[in-house]
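Student: Have a look at this one before I ask anything.
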Amino acid sequence: MGTQTHDGGGATGAAPRTAARRTGRPARALERLRTGTDPTAAAARRAVRVTLAACTGFYVFLYVLDGPVSATYALFSAVSLAALSRIPGTGRQRAAVMLKLLPVACVLVTVGTYLAVRTWTAVAGTLVIGFCLAFVAAAGPRPAGASPGLQLLYILPCFPPYAPDTLGDRLTGTVVGLALTVLAEAFVLPDARPPSYAERVAAAARSAARCAAALREPPYGLPADVTRQAVAAGEAVRPSRVPEAERPAGPSLRERALAHTGLAARTLLARLRALPAPGPGIPPDPAGLALLGSVAAADRETAVVLAGDPATATATAEAGTAARALHTARERAALLQPATPVDRRRHAALVEIADAALVLGQVADLSVRGRAAAPDTAEGRFWYARVHPLRLWWIRLAGHAEPRSVHFQNAVRISLALAVARTVAGLDTLPHGFWAMLAVLSLTRTTAVQTRATVRQALTGTFVGALAAGVVLALAAGAALPCAVLLPPLMLIAFCVGPVRGVGWMQAMFTLVVSLVFAQLSVATWQLAEVRFLDVLIGSVIGMLCGLLAWPKGAHDELGRSVARLLRGAAAQVAATTRAVTAGTGTPPAACDDAEVRHALLLAETAYAQFQGEAQHPAGPGPDWHSALMAGHHVLWGARRVLDTAAEPEPAPDRSAGSRVRSYGAWVADGFAMAAARFDVPKGRRRSGPGETRADTAEDAQPGGPDPSDATRDAPPLFYTATAWLDSLTADLARMAAAHAVEDRPRRQP
């Protein structure tokens, strides 16, 4: 009786859909296998590599060279950076990172060896080194992924016995273990490489060239298929859609420039899609059509440069020629005064398109040639082009050296937990106490909720693994041969199943693995498994307590604060920029300093990236965080573009037009201030009652802007440049207001 569907299909209507889904699953699985994106296949490849590297070094040192110390460090070095770490990318990309980290690993082993002389020195070293290794995650996904493995390479030697005379054996094992891991990652079961970020931006540049070419032809609009391709190309360079290994998130010049190319490409595509068509009965401006032709040519050459053409020098020269032609066409178009007001609005949009294409070409050149392509000035959009590399690193790390940064919070949380675990292990003389620190390192999450759930699964898995290990060790009766035979297959299963099935499986299998390893290093009984469970329990409790005391909600609270700070800075930036535009002359950069907006945007984007990986909060609609971040980008780069235009030798808006720009800017600034107040209100504590303000009602928060008749005013191009920027910010405010309206809509009771 209840099987009927609304379309009358009943059970027969559901069957084809179910069959289609079942048919599509194998196809999707085959596609993932073909492209190398299947998680099970990727975990299997990594398991083979780490097992091969770890077991080779361990067996050679232990059974051939009779070096148990070197054997231990060879095995754990491979496990630390190949299994415990989560360095993103293909095997070859991870191998390159590991090779760079080899000196760092040797330093950590040396420091840990000498600090093990006293408990207090080991604890102090854990606190400082643990913070530094965790905080370096601010430099990008690769340092963040390598951080846990590097922590283990310090933890392992900082426990008793204090034996500096074995440092040579420890370093030998570390170097050999990492060398074997690098070779295995680079040459064993190579991964398929996804498109690089530069290739993605090159595809976006080609899509922009197609858009510009289409806009030159009647009816001077974009066909539906070209629009779809442009939207897809813009989404493909969105950082959240890019694999971590290909995401340009580092502080170096090339990575900053590459990230800038993605922003410039998305801006260019958005402006091309939003270009207003000529008015009815009004022929298109020949200068505008010529400008679009130059944009198309420059975008095609930019795509060639980004795609890594073999003749890079030739491609760069051709791109430079196209860019110079586009710059000349833009300067000529900017000096023209179209006859009708509609032409003026379209003309200003065309100049903006040319500006975005020029920026895209320049940052693409920066990302390929580095400082050789740096402009003469280090001010404005390309401030990073002539800054020393060490200074760029310092700017990135100093920007996160405050309690409002999630990277700072994570570093404090994990370093405190590790220091407490080291103190407990030293005072209570826990056997194999480093297992407790390893549990802290591998089980502590950025939120207390996630840590509690992870610990529950981990303790269950550890208990099961300890029982199995106890049985194996009891049956082995102290013999090393059974453990040596069982270690490789169990290690292979552990590192293959664990990443796919979850932390419970990983802890169960890893308990078996470490029990078999230590049973070969010394005579062990079933009680070794009991010690393993006790250490994991102690480490888990410490991790949960530190998670409860140090920012238990992770990025959730910081995201709201950072976005509110960003929007308040955006409000001030909009007001300052519109005042500068209507002053009649360009304003010095210090008068419209955007450092606050840039810093707030850095903190907000970092918090948003972490928030996406955390356990999500109460179900239902929530704030549109991404729209707020994009609005911050639009304010930052749009303000610089408008100020650059205002500094050019062209007529400023007259008194009437200037007054309207100022009022429009003040209205948009008020909108950002209202949005900041709304994002700053914790969920569930929305203001209501007699104190309610206009910012609290979704209907009143909908932007409206100045009188539409402004579009027909007789004003110079600068007026339309400023109003076009404010129009785009108005659209951002509308999106945020709409999201808040959905968030506040009463839930329907079941």
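Using this note's numbering, you'd call the opening residue of the sequence shown number -1 and step up by one each time.
All C-beta atoms in this analysis are idealised placements derived from N, C-alpha and C, irrespective of residue type, glycine included.
Treat the numbers as computed from the prediction; the structure is a model and nothing was measured.
Assuming Ala136 contacts Leu395 under a Cβ cut-off of 8 Å, what Cβ separation, rounded to an integer in Å, is found between them?
Tutor: So it is a contact: roughly 6 Å between Cβ atoms.
Student: Tell me where the alpha helix (DSSP H) around His405 begins and ends.
Tutor: Looking at the DSSP string, the run of the alpha helix (DSSP H) that includes His405 is Val404 to Leu425.
Student: Report yes if the C-beta distance between Ala206 and Leu266 is below 8 Å; otherwise report no.
Tutor: Yes.
Student: Alpha carbon to alpha carbon, how far is Arg254 from Pro197? Give it in angstroms, no decimals.
Tutor: Note on residue identity: the sequence assigns Glu, not Pro, to residue 197. So the alpha carbons of these two residues sit roughly 16 Å apart.
Student: Going by Cα to Cα distance, which pick from Leu251, Lys98, Asp555 and Ala40 is closest to Gln187?
Tutor: The residue you asked about is not Gln; residue 187 is Leu in the sequence shown. Closest by alpha carbon: Ala40.
Student: So what's His345 in DSSP terms, helix, strand or just coil?
Tutor: Helix.
Student: Could you round the C-beta distance between Asp163 and Gly65 to whole angstroms and report it? I think they count as a contact, below 8 Å.
Tutor: Asp163 to Gly65, Cβ: 14 Å. No contact.
Student: State the CB to CB distance for the pair Ala211 and Ala347, rounded to an integer number of angstroms; the pair is presumed to be in contact (CB under 8 Å).
Tutor: The Cβ separation is near 17 Å, so there is no contact.
Student: With a threshold of 7 Å on Cβ separation, who are the neighbours of His597 within its own chain once the five nearest residues in sequence on each side are excluded?
Tutor: Contacts found: Gly397.
Student: Within a Cβ cutoff of 6 Å, which residues of the same chain sit near Tyr71, ignoring the five residues on either side of it in sequence?
Tutor: So the qualifying residues of the chain are Arg168, Gly171 and Thr172.
Student: From Val633 to Ala45, what distance separates their C-alpha atoms?
Tutor: Distance between the alpha carbons of Val633 and Ala45: 46 Å.
Student: Label Gln525 either buried or exposed according to how many other C-beta atoms from any shown protein chain fall within 10 Å of its C-beta, with 16 as the threshold for buried.
Tutor: Exposed, since its Cβ has fewer than 16 Cβ neighbours within 10 Å.
Student: I'd like the span of the alpha helix (DSSP H) that includes His822, first residue to last.
Tutor: The structure shown has nothing for residue 822, since the chain only spans -1 to 748.
Student: Measure the alpha-carbon distance for Ala474 versus Ser520 and round it to whole angstroms.
Tutor: Each residue's alpha carbon lies about 13 Å from the other.
Student: With a threshold of 7 Å on Cβ separation, who are the neighbours of Thr445 within its own chain once the five nearest residues in sequence on each side are excluded?
Tutor: Result list for Thr445: Pro550, Lys551, Gly552, Glu612 and Ala613, in chain order.
Student: Counting only the same chain and skipping the five closest in sequence on each side, list residues whose C-beta sits under 6 Å from that of Gly468.
Tutor: So the list reads Trp524 and Ala527, once near-sequence residues are dropped.
Student: May I have the straight-line CA-CA distance separating Leu100 from Ala423, to the nearest angstrom?
Tutor: Using only the alpha carbons, I get a separation of about 28 Å.
Student: Round the Cβ separation of Phe531 and Ala464 to the nearest angstrom and send it over; I've been treating them as touching at under 8 Å.
Tutor: Right, their Cβ atoms sit about 4 Å apart.
Student: By alpha-carbon positions, which one of Ala568, Arg43, Ala437 and Pro282 ends up nearest to Ala506?
Tutor: Ranking Ala568, Arg43, Ala437 and Pro282 by Cα distance to Ala506 puts Ala437 first.
Student: For Glu244, count the other beta carbons within 10 Å of its own beta carbon; 16 or more makes it buried, fewer makes it exposed. Which is it?
Tutor: Its Cβ being crowded by 16 or more others within 10 Å, Glu244 is buried.
Student: Unbroken beta strand (DSSP E) runs of length 3 or more, entirely within the region 83 to 168: which are they?
Tutor: Entirely contained in the region 83 to 168, not one beta strand (DSSP E) run reaches 3 residues.
Student: For the alpha helix (DSSP H) that Gly463 lies in, which residues bound it at each end?
Tutor: That run of the alpha helix (DSSP H) goes Ala446 to Ala474.
Student: Inspect the CB distances between the region 560 to 571 and the region 354 to 364 and report whether three or more fall short of 8 Å.
Tutor: Segments in contact, no.
Student: Candidates Gly669, Trp623, Asp678 and Gly431: which alpha carbon is nearest Ser726's?
Tutor: Out of Gly669, Trp623, Asp678 and Gly431, Gly669 has the C-alpha closest to the C-alpha of Ser726.
Student: Using 10 angstroms around the beta-carbon of Tyr382, count the other beta-carbons present and answer buried if the total reaches 16, otherwise exposed.
Tutor: Classification of Tyr382: buried, given that the 10 Å Cβ count is 16 or more.
Student: By how many angstroms is the C-alpha of Trp391 removed from the C-alpha of Gln700?
Tutor: Any reading at Gln700 needs caution, since the residue's pLDDT is 40, under 50, leaving its predicted position unreliable; the model's value is listed next. Approximately 41 Å, taken between the alpha carbons.
Student: Does the beta-carbon of Phe508 have 16 or more other beta-carbons within 10 angstroms, so that it is buried, or is it exposed?
Tutor: Buried: at least 16 other Cβ atoms inside 10 Å.
Student: How about Leu178 and Ala51: are their beta carbons less than 8 Å apart?
Tutor: Closer than 8 Å, so yes.
Student: Which residues mark the beginning and the end of the alpha helix (DSSP H) in which Ser538 is found?
Tutor: That run of the alpha helix (DSSP H) goes Gln525 to Leu547.
Student: Below 8 Å on the Cβ atoms is my guess for Pro155 versus Ala114; work out the distance and round it to an integer in Å.
Tutor: Their Cβ separation, rounded to whole angstroms, is 6 Å, which keeps Pro155 and Ala114 in contact under 8 Å.
Student: My understanding is that Pro139 touches Pro86, with C-beta atoms under 8 Å, so please give their C-beta distance in whole angstroms.
Tutor: Going by Cβ atoms, the distance from Pro139 to Pro86 rounds to 5 Å, so yes, they are a contact pair.
Student: Using alpha carbons as the reference points, say which of Pro237, Thr580 and Ala674 lies closest to Thr719.
Tutor: For the residues Pro237, Thr580 and Ala674, the minimum Cα distance to Thr719 belongs to Thr580.
Student: Quick check on Leu251: buried or exposed, where buried means 16 or more other Cβ atoms within 10 Å of its Cβ?
Tutor: Buried, since its Cβ has 16 or more Cβ neighbours within 10 Å.
Student: For Arg43, which option in Glu183, Cys130 and Val107 has the closest C-alpha, if you only look at C-alpha atoms?
Tutor: Arg43 has its Cα closest to that of Glu183, out of Glu183, Cys130 and Val107.
Student: Val410 to Val453, Cα distance in whole Å?
Tutor: When rounded, the distance between both Cα atoms is 20 Å.
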